[in-house]
Amino acid sequence: MVKNSADVLVIGLGAHGSAATYNLSRNGLKVIGFDTYHPPHDMGSSHGQARIIRKAYSEGPHYVPLVSRSYDLFFQLQELTGTKMINITGGLQVGRKGSLRLSSIKESADMHGCEIEFMTADEVRSTWNIFEPEDNMDAVLDIMGGAVFPEKVIDAHLQLARINGADLKFNHKIVNWDASSSGVRVETESGDEFFGDKLIISAGAWAHKLCLDLSLPLSIERQVLFWFNPISNNDMFLPGNSPNHSWEYESGQTIYIQPNYGRGVKAAIHHDGLEVDPDTLDRNNVLRSEEKKLISIIRRYVPSLPGEVIGRSVCMYTNTPDLEFIIDFHPEHSNVLILSPCSGHGFKFSPVVGEIAFNLLTEGNSEFDLMPFSINRFT
Numbered sequence: 000m001v002k003n004s005a006d007v008l009v010i011g012l013g014a015h016g017s018a019a020t021y022n023l024s025r026n027g028l029k030v031i032g033f034d035t036y037h038p039p040h041d042m043g044s045s046h047g048q049a050r051i052i053r054k055a056y057s058e059g060p061h062y063v064p065l066v067s068r069s070y071d072l073f074f075q076l077q078e079l080t081g082t083k084m085i086n087i088t089g090g091l092q093v094g095r096k097g098s099l100r101l102s103s104i105k106e107s108a109d110m111h112g113c114e115i116e117f118m119t120a121d122e123v124r125s126t127w128n129i130f131e132p133e134d135n136m137d138a139v140l141d142i143m144g145g146a147v148f149p150e151k152v153i154d155a156h157l158q159l160a161r162i163n164g165a166d167l168k169f170n171h172k173i174v175n176w177d178a179s180s181s182g183v184r185v186e187t188e189s190g191d192e193f194f195g196d197k198l199i200i201s202a203g204a205w206a207h208k209l210c211l212d213l214s215l216p217l218s219i220e221r222q223v224l225f226w227f228n229p230i231s232n233n234d235m236f237l238p239g240n241s242p243n244h245s246w247e248y249e250s251g252q253t254i255y256i257q258p259n260y261g262r263g264v265k266a267a268i269h270h271d272g273l274e275v276d277p278d279t280l281d282r283n284n285v286l287r288s289e290e291k292k293l294i295s296i297i298r299r300y301v302p303s304l305p306g307e308v309i310g311r312s313v314c315m316y317t318n319t320p321d322l323e324f325i326i327d328f329h330p331e332h333s334n335v336l337i338l339s340p341c342s343g344h345g346f347k348f349s350p351v352v353g354e355i356a357f358n359l360l361t362e363g364n365s366e367f368d369l370m371p372f373s374i375n376r377f378t
C-alpha cells in the first residue's frame, strides 16, 4: 500500500467521525483519521460533560429505531471499556397542554412501543418537589431517558480505534480534498497529502466549508451552556433523585436541565443562538444577557436551582433548514460519505451512525431508513 494511504480517510474525529473510525477499524479496514484539534476538545459541538439521550423522540418516529440501536451500543461500549458511558435517570419533557411536542412524543412511543408515562402538572409537583410546572402544562416521562458522556465516548472510540490499528492525525487541518473513481486524496494545511479508497467528511460546523461545491444549507448556531450550584434542595439535583428535564417556556421554545454529574447542574436554552462562523467564534465570553434570560426562565419552573453560576461554555449547533441530519454519499462521488447528524440533537446517535457509516462504505446500504437524511432534499 502506498505511503500515507488507507482504505478510508476520515475528516473530523468528533462524535460521529470517532465512531465511524472505530467501526471501520474494528472490522479490519485501514483508517487514517484527521482532526484540526486534539479530540475530545471543546472547539466544536461534541463536548459539555453530559448529553441527553431519550427514546420517545419528539423530532419524529423515524429516529426511534436509530436511537434504540444507539442505546445498545452505548451499553456495549461501557462494558467493553469499564467506563460509565450512559446513565438512565428518566427524562421529563414538560409542555403546553395539547402541544405538538407532546403529541409527537406520544406518536413515537405508540409506533415503537417506547415506555412513557403521562403526567399532569399536579403529578409532576407531587413527584419532584423542585419542579413547578404551570397549570396549563402536561408532561411525559420517558422511562429510558438519561445522559451520555461525550468526552468519554469520543475518547473511548478513538482509543479503541488506535488499538485496532487506526492512524489518528490530531492537529491536522484538512484544507482540500478531491475524489475520482480511482480513489480520494486529502491535503493538510502543511501541504501533506494522504490517499484512500474512500472518504468520510464528518467535520461538524466545518462541513459546509469542505463541501462548497454542494452549497449545503447549513447554518452554524452559537449555543451557551451553564452549570449552576442550586440555591437549595441540592440532593434533588443528583442523578437518580430527579430526571433530566426540559420545559417548553413558549410555544416551540425549550430549555433543558440535567442532573449534577459533578460539575454542577447543567442548563441551556435550546436553539436560541446567533448564526456564527466557527473560525471566528468567540468561545471565551458569554453575554450577561444570555445568562439572565436563562435564569429568568429557570426561576419559573425550577426556582431552587439558579444559584451561583459555576461554569460556562460556548458550543455550536450545525443546523439544516428542517433540523434533520445529513447521512448520504456525495452526489458526484460514490466513494465520499458525508455525515452531519446535527441540528442540536445528534450526539446520542453517534454509535449507530458509526455503524451505519461502516455498512454504507462496505455494503452500500443500511438496515435503517436514511431517506429523511438525504442530500437530495435540498435540491
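Residue numbering for the sequence shown follows numbering that gives the first Met the number 0, starting at 0 and increasing by one per position. The beta carbon of each residue, even a glycine, is placed where N, CA and C say it ideally should be.
8 Å CB neighbourhood of residue i in its chain, flanking five on each side removed
| i | result |
| --- | --- |
| arginine 311 | Val223, Leu224, Phe225, Trp226, Val285, Glu290 |
| histidine 344 | Glu58, Leu322 |
| asparagine 170 | Asp34, Thr35, Tyr36, His37 |
| leucine 237 | Pro258, Asn259 |
| aspartate 177 | Val183, Arg184 |
| serine 250 | Arg95, Ser98 |
Neighbourhood of residue i by C-beta, 7 Å cutoff - its chain only, sequence neighbours within 5 removed
| i | result |
| --- | --- |
| serine 241 | Trp127, Ile129, Met235, Pro258 |
| phenylalanine 385 | What the structure shows of the chain is the stretch from 0 to 378, and residue 385 is not part of that stretch, so it cannot be assessed. |
| serine 218 | Glu274, Asn318 |
| threonine 119 | Asp137 |
| aspartate 368 | His61 |
| aspartate 109 | none |
| glutamate 247 | Val93, Gly94, Arg95, Ser98, Arg100, Thr253 |
Residue i Cβ short of 8 Å to the ligand PLP heavy atom set
| i | result |
| --- | --- |
| threonine 317 | You won't find the ligand PLP in this model; it holds no ligand whatsoever. |
Outcome for residue i when other beta-carbon atoms lying within 10 angstroms are tallied against a minimum of 16
| i | result |
| --- | --- |
| serine 44 | buried |
| methionine 370 | exposed |
| aspartate 191 | exposed |
| leucine 140 | buried |
| valine 174 | exposed |
| arginine 282 | exposed |
| glycine 97 | exposed |
| lysine 2 | exposed |
| glutamate 220 | buried |
| leucine 99 | exposed |
| proline 320 | exposed |
| arginine 50 | buried |
| glutamine 252 | exposed |
| arginine 287 | exposed |
| glutamate 354 | buried |
| glycine 410 | Because the chain is modelled from 0 through 378, residue 410 falls outside the range shown and cannot be assessed. |
| glutamine 77 | buried |
| proline 39 | buried |
| isoleucine 337 | buried |
| isoleucine 199 | buried |
Residues that DSSP places opposite residue i in a beta bridge
| i | result |
| --- | --- |
| histidine 244 | Leu91, Ile256 |
| methionine 84 | Methionine 84 pairs with nothing; no bridge assigned. |
| tryptophan 176 | Val185 |
| isoleucine 326 | Leu338 |
| asparagine 318 | Ser218 |
| glutamate 274 | Glu220 |
| serine 67 | Serine 67 is not bridged to any residue. |
| isoleucine 31 | Leu8, Asp166 |
| histidine 332 | His329 |
| glycine 310 | Trp226 |
| glutamate 249 | Gln252 |
| valine 238 | In the sequence on display, residue 238 carries proline and not valine. Ser241, per the DSSP bridge assignment. |
Unbroken alpha helix (DSSP H) run spanning residue i, endpoints
| i | result |
| --- | --- |
| serine 365 | Segment: none, serine 365 is in no alpha helix (DSSP H) and carries neither H nor E. |
| lysine 265 | Careful: lysine 265 lies outside any alpha helix (DSSP H), inside the beta strand (DSSP E) at 264-269. |
| lysine 291 | 287-300 |
| asparagine 22 | 14-25 |
Contacts around residue i, its chain only, beta-carbon distance under 6 Å, and the 5 residues preceding and following it disregarded
| i | result |
| --- | --- |
| glutamine 156 | Per the sequence presented here, residue 156 reads as histidine, with glutamine not at that position. Within the same chain, histidine 156 has close Cβ partners Ser17, Ala18, Tyr21. |
| lysine 168 | Phe33 |
| histidine 244 | Leu91, Ile256 |
| threonine 80 | Ala155 |
| serine 107 | Ala55, Tyr56, Pro60, Val63 |
| serine 103 | Ser57 |
| serine 373 | Asp327 |
| histidine 207 | Leu215, Leu217 |
| valine 123 | Phe130, Pro132, Ala138 |
| aspartate 166 | Ile31 |
| glutamate 116 | Leu140 |
First through last residue of the beta strand (DSSP E) which encompasses residue i
| i | result |
| --- | --- |
| alanine 49 | Looking at the DSSP string, alanine 49 is not in any beta strand (DSSP E), and its letter there is neither H nor E. |
| glycine 345 | Unbroken run through glycine 345: none, as it is neither H nor E. |
- Query: In chain order, which beta strand (DSSP E) runs of at least 3 residues are fully inside the segment 187-233?
  - Reply: The qualifying runs are 192-200, 218-227.
- Query: What beta strand (DSSP E) runs, 3 residues minimum, are completely inside the segment 73-154?
  - Reply: You should have 85-87, 90-95, 115-119, 136-141, 145-147.
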